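A.B. asks: Dumping the structure here so I can ask a few things about it.
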Amino acid sequence: MSGYIEPIIGRYIHVEIGGETHRIYFEENGKGIPLVCLHTAGSDNRQWRHLLTDEEFARDYRIIAFDMPFHGKSNPPAGWSGEEYQLTTARYTETIRAFCRALKLEKPVVMGCSIGGRIVLNLAIDHAAEFRALIGLEAADFQAPWYDTAWLNRPDVHGGEVCAALVSGLIAPQSPDAARRETLWAYKQGGPGVFKGDLYFYRVDGDLRGRVAGIDTKVCPLYLLTGEYDFSCMPEDTRRTAASIPGASVTIMEEVGHFPMSENPAQFRRYIAPVLGEIARASSLSTKQGAYA
Amino acid sequence: MSSAPDAVDAAVIEAFSRIPVWLERSEALVARGRYLDCDCLLGPVEQPFHVAIRSGRIVDLTPAPVLMRSWRFSYRATSPAWAHYWQPMPRPGWHDLLALTKRGEAVLEGDLHSFMANLQYFKDLLALPRQYARAAA
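Just so you know, the sequences run in chain order A and B.
The numbering used here puts the last residue of the first sequence at 300; the count rises by one with no breaks.
The numbering used here puts the last residue of the second sequence at 141; the count rises by one with no breaks.
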């Protein structure tokens, strides 16, 4: 319908990260439990637009999705002098916590996908008491590499084309064409070397094998959901990770790949609605909360 | 790698031999490869084809081996892997060229620059039988 305005509101917040002010772009909708959503490597918060406009979820949740620095509309900080972007476990963790503090969020739920799923595990290891619940999509403590990230940023290969072509295989064949194209579009728009720099965290710095056993799901519930068509973070990677975490919830999502929230929002909703319902019910005495169709 | 019955081998080879014709029907794919000139080796592990691509078009496709014929890169998969890859709705882990390499059902060798710089072209080129053929799984 021409003229329809979506309920999403986008604003910038100044967040101090690593001693420097970053201008972070975030979008939000809804009222209630803060739900902070983390995009995948090399993409941005547009991946969450369908969740952000879900009327039922927005009744119980303040749904928030921000662009990581260097991604989407969160520019590199003013002090950046052009050096290679490289995300580390410590920097990623600090960024999320600083963003939550800057917005004064009280015990938010954090849901992240891919690198966002991996960092959620690190939040569960080191900062569980700060969060109401943690949700990792396409999350594992480690997964075997399947390509050399050096191809992602070199002058004789188009970065946008190769990034999108690589991740295109991680989308399930059942996902609608328009959603597939939109998911890949974000990869075609990423800054040079940003996807590669995110994967430094994923491939090199963020190996959590041997650490996840320390997660206490009594302090903070942990939900892990992985798409059956994700051959990067394979279902067995998630199951192996969860096997060493007592109380972790694991769901394998059918007909979904590595980008559930953007490649097939309707299918993803079937799986995330019960999770968000459970968290909402646990957070309130109201029986109406979390009763999603 | 898994072994394949002869019927699957024959169906896969037949499908490969028709890829140049199917490519000609796919104007958008030819356009995507318009800057690509490459001699490569593609197909089943044991019976691949030398493929000569010029401006996105396959100008020659000849069964290997050809005496002293060079190739820049090679992507070869088992016949069952091709048959799975070409299913209308391929199963998880059999649905992408690099999923096949990760699971050990395909090998990617040589100078990969042309392959990586034109990755979506090669993914779509090698998926043409999904649309045009029904290889036995």
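Heads up, the beta-carbon is just placed ideally off N, CA and C, and yes, glycines get one too.
Nothing here was measured: the structure is a model prediction, and the numbers come from that model.
(1) Comparing alpha-carbon positions, which option in G114/B, V25/B, A14/B, P69/B lies nearest L130/B?
(2) Whole angstroms is fine: what's the gap from G198/A's alpha carbon to R30/A's?
(3) Here's a check: name, in chain order, each residue in its chain whose Cβ is nearer than 6 Å to the Cβ of Y230/A, leaving out the five neighbours to either side.
(4) Measuring CB to CB, does I222/A end up less than 7 Å from I132/A?
(5) Should M118/A and C227/A be called a contact, given that it needs their Cβ atoms to be closer than 7 Å?
(6) To the nearest angstrom, how far is the alpha carbon of A139/B from that of H88/B?
(7) What does the alpha-carbon distance come out to for the pair K111/A and P76/A?
(8) For E261/A, name the three-state secondary structure that DSSP assigns.
(9) When you compare the CB positions of D205/A and A48/A, do they come within less than 7 Å of one another, or not?
(10) Just the Cα atoms here: how many angstroms apart are G25/A and R210/A?
(11) Beta-carbon within less than 8 Å of Q51/B's beta-carbon, same chain only, minus the 5 sequence neighbours each way: which residues are those?
(12) According to DSSP, N36/A sits in a beta bridge with which residue or residues?
(13) For L231/A, which residues does DSSP report across the bridge?
(14) Output, in chain order, the set of chain B residues within a Cβ distance shorter than 7 Å of W158/A.
(15) Under DSSP, the beta strand (DSSP E) around D43/B begins and ends at which residues?
(16) Counting only Cβ-Cβ distances shorter than 9 Å, please list the residues of the segment 14-30 of chain A near chain B, keeping chain order.
(17) Residues of the segment 88-115 of chain B with a CB closer than 8 Å to any CB of chain A: list them in chain order, please.
(18) A140/A: buried (16+ other C-beta within 10 angstroms of its C-beta) or exposed?
(19) From this set, S290/A, V201/A, F238/A, which residue's C-alpha is nearest T95/A's C-alpha?
(20) For the pair the segment 77-95 of chain B and the segment 56-65 of chain B, tell me if three or more CB-CB distances fall below 8 Å.
(21) Would F202/A pass as an interface residue toward chain E - the criterion being a Cβ-Cβ separation below 7 Å?
(22) With 7 Å as the threshold, decide whether the Cβ of Q135/B is near any Cβ in chain A.
(23) Buried or exposed: which applies to W87/A, given that a residue is buried once 16 or more other Cβ atoms fall within 10 Å of its Cβ?
(24) From which residue to which residue does the alpha helix (DSSP H) around P24/B run?
(25) Applying a beta-carbon distance threshold of less than 8 Å, which residues of chain B neighbour Q274/A?
(26) I'd like to know whether the C-beta of G37/A is nearer than 7 Å to at least one C-beta of chain B.
(27) Check whether chain B comes within 7 Å of Y353/A, counting only Cβ atoms and requiring the distance to be less than that.
(28) Is S9/A helix, strand or coil by DSSP?
(29) When DSSP labels each residue in this structure, what does S291/A get in the three-state scheme?
(30) Of all the options G284/A, G10/A, I40/A, Y99/A, which has the alpha carbon lying nearest to the alpha carbon of E23/A?
(31) With C-beta atoms as the reference, is F238/A less than 7 Å away from K106/B?
(32) Under a Cβ-count criterion, where at least 16 other Cβ atoms within 10 Å of its own Cβ denotes burial, should S74/B be classed as buried or exposed?
(33) Output, in chain order, the set of chain B residues within a Cβ distance shorter than 7 Å of P162/A.
(34) According to DSSP, which residues form a beta bridge with D64/B?
(35) Please report the straight-line C-alpha distance between L58/A and M120/B, rounded to a whole angstrom.
C.D. replies: This is what the structure gives:
(1) Numbered from its first residue, the second sequence carries residue 130/B at position 126. If we check each option's Cα against that of L130/B, V25/B comes out closest.
(2) Stepping through the first sequence from its first residue, residue 198/A is reached at position 191. Stepping through the first sequence from its first residue, residue 30/A is reached at position 23. The alpha-carbon atoms of G198/A and R30/A are separated by roughly 17 Å.
(3) As a first step, residue 230/A is located in the first sequence; it is residue number 223 there, counting from the start. I142, S256, V282.
(4) Along the first sequence, read from residue 1 onward, the residue named residue 222/A stands at position 215. Along the first sequence, read from residue 1 onward, the residue named residue 132/A stands at position 125. Yes.
(5) As a working mapping, residue 118/A is identified with position 111 in the first sequence. As a working mapping, residue 227/A is identified with position 220 in the first sequence. No, these two residues do not count as a Cβ contact at 7 Å.
(6) Position 135 of the second sequence holds residue 139/B. Position 84 of the second sequence holds residue 88/B. Confidence at A139/B is low in this model, with a pLDDT of 43, below 50, so the placement of that residue should be treated as unreliable; the coordinate-derived value is given next. Approximately 8 Å between the Cα atoms of the pair.
(7) By 1-based counting over the first sequence, the position of residue 111/A is 104. By 1-based counting over the first sequence, the position of residue 76/A is 69. Going from the Cα of K111/A to the Cα of P76/A covers about 19 Å.
(8) Within the first sequence, the letter at position 254 stands for residue 261/A. Of the three classes helix, strand and coil, the one that applies to E261/A here is coil, per DSSP.
(9) On the first sequence, position 198 is the one that residue 205/A refers to. On the first sequence, position 41 is the one that residue 48/A refers to. Yes.
(10) Your numbering for residue 25/A matches position 18 in the first sequence. Your numbering for residue 210/A matches position 203 in the first sequence. If you take the alpha carbons of G25/A and R210/A, they lie about 22 Å apart.
(11) Within the second sequence, residue 51/B is the residue found at index 47, counting from 1. Cβ neighbours of Q51/B beyond the five flanking positions: D13, I17, P67, A68.
(12) Residue mapping note: residue 36/A aligns to position 29 of the first sequence, counting from 1. DSSP lists I70/A as partners of N36/A.
(13) Along the first sequence, read from residue 1 onward, the residue named residue 231/A stands at position 224. For L231/A, which the question treats as bridged, DSSP gives the partners G143/A, V257/A.
(14) For the purposes of this step, residue 158/A is taken as residue 151 along the first sequence, with counting starting at 1. In chain order: M120.
(15) Along the second sequence, one-based indexing puts residue 43/B at 39. Start and end: 41-48.
(16) none
(17) M93, P94, P96, G97, H99, D100, L101, L102, A103, T105, K106, R107
(18) Taking the first residue of the first sequence as position 1, residue 140/A is located at position 133. Label assigned to A140/A: buried.
(19) Taking the first sequence and counting its residues from 1, one reaches residue 95/A at position 88. The shortest C-alpha separation from T95/A is found at V201/A.
(20) no
(21) Included in the structure are the protein chains A and B, with no chain E among them.
(22) Stepping through the second sequence from its first residue, residue 135/B is reached at position 131. Chain A, which has no Cβ nearer than 7 Å to the Cβ of Q135/B, makes this no.
(23) Along the first sequence, one-based indexing puts residue 87/A at 80. Exposed, by the Cβ-count rule.
(24) Working through the second sequence from its first residue, we reach residue 24/B at position 20. Start and end: 10-28.
(25) Numbered from its first residue, the first sequence carries residue 274/A at position 267. What Q274/A touches in chain B: nothing, since even the nearest Cβ is about 14 Å away.
(26) Here the question's residue 37/A lines up with position 30 in the first sequence. No, G37/A lies away from the interface with chain B (no Cβ there is under 7 Å from its Cβ).
(27) In the structure as shown, chain A begins at 8 and stops at 300. Residue 353/A is therefore absent and cannot be evaluated.
(28) Taking the first sequence and counting its residues from 1, one reaches residue 9/A at position 2. Residue state, collapsed to three classes: coil.
(29) Here the question's residue 291/A lines up with position 284 in the first sequence. If DSSP states are grouped into helix, strand and coil, S291/A belongs with coil.
(30) For the purposes of this step, residue 23/A is identified with residue 16 of the first sequence, where counting begins at 1. With distances taken between Cα atoms, E23/A lies closest to Y99/A.
(31) Numbered from its first residue, the first sequence carries residue 238/A at position 231. Numbered from its first residue, the second sequence carries residue 106/B at position 102. Yes, the Cβ-Cβ distance between F238/A and K106/B is below 7 Å.
(32) Locating residue 74/B in the second sequence gives position 70, counting from the first residue. By the neighbour-count rule (16 or more Cβ atoms within 10 Å), S74/B is not buried but exposed.
(33) Counting from one through the first sequence, the residue named residue 162/A turns up at place 155. Near P162/A there are no residues of chain B at all, since even the closest Cβ is about 11 Å away, more than 7 Å.
(34) In the second sequence, the residue the question calls residue 64/B occupies position 60. In the DSSP output, where bridge partners are listed per residue, D64/B has A56/B.
(35) Residue 58/A sits at position 51 when you count from the first residue of the first sequence. Residue 120/B sits at position 116 when you count from the first residue of the second sequence. Straight-line Cα distance between these residues: approximately 33 Å.
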